[in-house]
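Residue numbers (this note's numbering): 154 to 205. Every residue gets a Cβ at the ideal spot worked out from N, C-alpha and C, and that includes glycine. Take a look at the structure set out below.
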Amino acid sequence: MYKTFSKEMMEQWQYYVYIYVDPDTLEIFYVGKGNRAFSHLEDKSDTANNQG
Numbered sequence: 154m155y156k157t158f159s160k161e162m163m164e165q166w167q168y169y170v171y172i173y174v175d176p177d178t179l180e181i182f183y184v185g186k187g188n189r190a191f192s193h194l195e196d197k198s199d200t201a202n203n204q205g
């Protein structure tokens, strides 16, 4: 699994938008932008994204 986008990719993109989808319901539960797509996966707080 990727932990970050490559430097080359980030230099080409000015920004990006990403979504998180519940794999069971296929429902979108989060929309984000910028370079935080991977930081949410590293978050250690007691939230739904860490209860797998």
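- Beta bridge pairing from DSSP links GLY185 with TYR171.
- Spatial neighbours of VAL174 in its own chain (CB-CB distance under 6 angstroms, excluding positions within 5 residues in sequence) are listed in chain order as ILE181.
- Within the model, the alpha-carbon separation for GLN167 versus LEU179 is close to 28 angstroms.
- Per DSSP, GLU161 is one residue of the alpha helix (DSSP H) stretching across 160 to 165.
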